[in-house]
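With my numbering as the guide, the letters of the sequence shown map in order to residues 49 to 619.
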Amino acid sequence: MSDLRSSIERAAPKRKKWPWVAGAVAVLLITGTGFALTRGDGSSAKAVGNGTPVRGGTLQFALIDYQRSPDPQWGTNYAESLIGNNITDKLTWQDPKTGQITPWLAQSWEYNNDLTEFTFHLRKDVTFSDGTPFDAEAVKANFDQYVHGDQKLDILPNGAALLSGYIDTRTPDPYTAVVRFKKPLASFLQASSFTANAQPGFLSLSTLKLSAQERTDPKKVIGTGPFVYESWEPQVKTVLVKRKGYNWAPPALKHQGEAYLDRVVLNTIPEASVRTGSLTSGAIDATLDVGTTDEKSLAGQGFKIIYWGVSGTAILFNFNSQLFPTSDVAVRKAIQLGWDREAIKKTVLTDSYSIATSVLAPSVPGYADYSGSVLKYDPDKAGRILEEAGWKEGPDGIRVKDGKKLVVKLLGISNLVVNKPAYESIQQDLKKIGVDLQLTVVPIPDYTAALAKATTDWNVTASNRSRNDPAVLNLQYSPQLGNVTYLTKDSTGIDLDEVTQTVGKLDTTLDTAARTQYAKAAQDLLLDKYALVNPVYNPSQVIAHADYVHGIVFDAQSRNHFVDAWKSNGK
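As structure tokens, this is what we get:
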């Protein structure tokens with residue numbers, strides 16, 4: 049994290065209202081295979097013609113992943129963030145269709161000219177499920193621990209990157225919270241609505257006093273959300289029950305009062321065939337992580353297929369700029385050009401997904417299309433680039449330079465059903481141009497463990513980052529923040545300061561034109577000049593559910609909320 053400091057103490061700073069500009073909106077997709085896919089949009093169930101909601105019942109929901117801790121600020125997989133979003137709330141809500149930041153626990157807000165100070169005016173009727181008030185003191189305590197952690201409690205810091213340069217939160221009155229930063233952080237209001245991994249969901253003061261071990265008791269993890277924990281069985285299931293008295297869902301959802309469902313059971317079912325079988329047999333009502341080969345058959349049996357694209361970065365190869373052979377820009381550029389995107393589109397993806405044409409998803413403001421240039425399939429050009437860089441074809445077809453084979457080792461995650469088959473298709477294409485792409489695609493816990501040695505062991509780490517803001521590029525690629533391409537001053541042919549400054553500009557302004565310009569410059573740098581990334585496809589979260597299930601919400605990070613969900617059979 050940067051140590052840069054700027055003066056933020058000033059008399060009566062001029063303030064502005066939040067001028068969020070909507071991001072691009074993708075259109076409803078209809079497949080050419082004879083069935084329709086519904087794009088979830090985060091709106092109320094009542095707004096899409098599903099009739100009058102029925103109260104009561106239990107939703108049996110399946111996931112590929114499991115929750116490793118009930119602490120939502122700690123969780124780093126989709127299951128954990130999804131569950132966290134249903135037991136905690138955020139200061140603001142981001143509209144998944146437009147990108148607009150709208151009220152939630154904060155009724156209004158303003159910020160200073162320098163984008164170093166953000167003032168939130170809180171609702172006064174919100175309580176944690178233990179009856180204690182949600183107020184400015186709770187905001188301060190949560191942000192302080194989220195950013196700094198607590199060594200005595202074995203709580204690790206999780207928010208230092210998302211809230212880069214955080215100083216403190218001041219509480220001039222019980223329902224006003226002033227969040228201060230060392231340097232401009234234009235993306236902070238989006239961060240105040242953030243619902244993906246390691247999210248800043250608010251926990252009660254009593255929970256914040258507990259150690260990491262004590263927080264493995266779900267009954268002690270207290271939030272303000274529409275559901276509370278009933279039980280947690282690691283690697284098996286998490287059970288949530290309706291929070292009595294809840295009445296502060298995001299106004300954008302137009303939901304009044306408590307959740308409709310009495311209970312949500314989130315079942316861990318790693319195998320796609322078992323998830324599908326459980327749905328068709330009636331053992332579960334809905335499943336996330338639908339296998340691509342199952343979408344058409346499930347729709348044909350009367351199940352509803354709904355999806356929402358994950359906003360942020362694409363699923364992509366982050367190249368290790370330190371490790372041979374991806375330390376060679378020629379290798380990185382050849383890999384970008386050396387695989388057939390149309391083949392993956394036709395043989396691997398369904399219409400719930402799309403091929404990536406930039407490091408950013410199309411829904412992110414500032415997205416630019418590189419499909420006609422550096423991300424165009426051109427194996428002949430890829431071969432020429434390698435030849436000119438001294439990579440000669442070996443006896444087995446794999447290229448060699450200075451006696452070393454062109455072997456590229458990839459570490460990927462198996463939690464999205466499309467990942468492995470997409471990587472295997474790329475592997476086959478790259479072999480034709482003399483690149484031996486070796487795949488290790490594993491569940492998130494194994495990926496996380498292997499990532500500890502990524503600098504020395506892996507040429508590619510394949511993943512994505514959910515965040516509907518162009519500053520996701522600063523969060524991921526700045527050498528002072530995520531640095532996922534392992535840039536150092538010794539990285540061959542790369543100007544470290546140029547990368548830092550180019551992606552860092554995204555957090556210096558909220559001016560629409562300037563941000564668009566800065567986003568384009570950042571994408572040019574990452575994709576073209578230094579070829580640090582190889583985008584693969586734009587992921588989606590795809591759900592299949594019975595026709596009696598309604599109102600499952602996808603938010604701006606494609607996470608699900610169940611406050612508006614209901615079952616017309618009432619069971």
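Ideal Cβ positions, reconstructed from N, Cα and C, are used throughout, including at glycine. This one's a predicted model, so the numbers in the text were calculated from it and none came from an experiment.
{"Check": "Out of 247, 473, 287 and 283, state which residue places its alpha-carbon closest to the alpha-carbon of residue 266.", "Outcome": "287"}
{"Check": "Check this for me: beta carbons of residue 581 and residue 250, under 8 Å apart or not?", "Outcome": "no"}
{"Check": "Would you say residue 273 touches the ligand NAP, meaning its beta carbon is less than 7 Å from a heavy atom?", "Outcome": "Ligands displayed in this structure: none; no statement on the ligand NAP is therefore possible."}
{"Check": "Hey, how far is the Cα of residue 541 from the Cα of residue 548?", "Outcome": "15 Å"}
{"Check": "Spatial neighbours of residue 384 within its chain, please: CB distance less than 7 Å, with the 5 preceding and 5 following residues excluded, ordered by chain position.", "Outcome": "422, 423, 579 and 582"}
{"Check": "Using a Cβ cut-off of 8 Å (strictly closer), state whether residue 173 contacts chain D.", "Outcome": "Going by chain labels, chain D is absent from the structure shown, which holds only one protein chain."}
{"Check": "Just the Cα atoms here: how many angstroms apart are residue 604 and residue 152?", "Outcome": "14 Å"}
{"Check": "Using the Cα positions of residue 113 and residue 283, report the straight-line distance between them to the nearest angstrom.", "Outcome": "8 Å"}
{"Check": "Give the DSSP bridge partners of residue 567, in chain order.", "Outcome": "DSSP, once it has assigned bridges, lists no residue as partnering residue 567."}
{"Check": "When we look at the beta-carbon of residue 324 and count the other beta-carbons within 10 Å, is it buried (16 or more) or exposed?", "Outcome": "buried"}
{"Check": "Excluding the five sequence neighbours on either side, which residues of its own chain have a C-beta within less than 8 Å of the C-beta of residue 406, listed in chain order?", "Outcome": "362, 415, 416, 417, 418, 423, 571, 575 and 583"}
{"Check": "Any idea if residue 617 is buried or exposed, counting beta-carbon neighbours within 10 angstroms, 16 or more meaning buried?", "Outcome": "exposed"}
{"Check": "Quick test of the definition: if touching needs 3 or more C-beta pairs under 8 Å, does the stretch 104-124 touch the stretch 309-323?", "Outcome": "yes"}
{"Check": "Can you tell me whether residue 329 is buried or exposed? The criterion is at least 16 other CB atoms within 10 Å of its CB, across all chains shown.", "Outcome": "exposed"}
{"Check": "Let's see if you can read the secondary structure: which residues bound the beta strand (DSSP E) around residue 316?", "Outcome": "311-316"}
{"Check": "Is residue 78 helix, strand or coil by DSSP?", "Outcome": "The predicted position of residue 78 is uncertain, since its pLDDT is 27 and thus under 50; no value can be drawn from it."}
{"Check": "So for residue 453, helix, strand or coil by DSSP?", "Outcome": "strand"}
{"Check": "Where in the stretch 271-324 do unbroken runs of the beta strand (DSSP E), each at least 3 residues long, occur, reported from the N-terminal end onward?", "Outcome": "275-281, 285-290 and 311-316"}
{"Check": "Do the stretch 119-128 and the stretch 152-171 make contact, defined as three or more Cβ pairs closer than 8 Å?", "Outcome": "no"}
{"Check": "Give the straight-line distance between the Cα atoms of residue 409 and residue 520, rounded to the nearest whole angstrom.", "Outcome": "11 Å"}
{"Check": "Would you kindly work out how many angstroms separate the C-alpha atoms of residue 223 and residue 189, rounded to a whole number?", "Outcome": "14 Å"}
{"Check": "What's the call for residue 386, buried or exposed, on a 16-neighbour Cβ count within 10 Å?", "Outcome": "buried"}
{"Check": "State the Cα-Cα distance for the pair residue 432 and residue 450, rounded to the nearest angstrom.", "Outcome": "18 Å"}
{"Check": "Residue 403 bridges to which residues according to DSSP?", "Outcome": "585"}
{"Check": "Using 8 Å as the threshold, is the C-beta distance between residue 296 and residue 144 below it?", "Outcome": "no"}
{"Check": "I need the DSSP call for residue 210, collapsed to helix, strand or coil.", "Outcome": "coil"}
{"Check": "Span of the alpha helix (DSSP H) holding residue 469?", "Outcome": "467-480"}
{"Check": "Name the two residues that bound the continuous beta strand (DSSP E) containing residue 103.", "Outcome": "It is not in any beta strand (DSSP E) - residue 103 carries neither H nor E in the DSSP assignment."}
{"Check": "What is the DSSP secondary structure of residue 366, counted as helix, strand or coil?", "Outcome": "strand"}
{"Check": "Between residue 396 and residue 518, what straight-line distance do the alpha-carbon atoms span, to the nearest angstrom?", "Outcome": "28 Å"}
{"Check": "For residue 464 and residue 341, what's the separation of their Cα atoms in angstroms?", "Outcome": "14 Å"}
{"Check": "Measure how close the beta-carbons of residue 313 and residue 285 come, nearest whole angstrom, since I'm counting them as under 8 Å.", "Outcome": "6 Å"}
{"Check": "Go ahead and pull the three-state DSSP assignment for residue 334.", "Outcome": "strand"}
{"Check": "So, using beta-carbon positions, are residue 558 and residue 567 closer together than 8 Å?", "Outcome": "no"}
{"Check": "Can you tell which of 119, 561 and 142 has its C-alpha closest to the C-alpha of residue 601?", "Outcome": "142"}
{"Check": "Buried or exposed for residue 100, please, with buried defined as at least 16 other CB atoms from any protein chain shown within 10 angstroms of its CB.", "Outcome": "exposed"}
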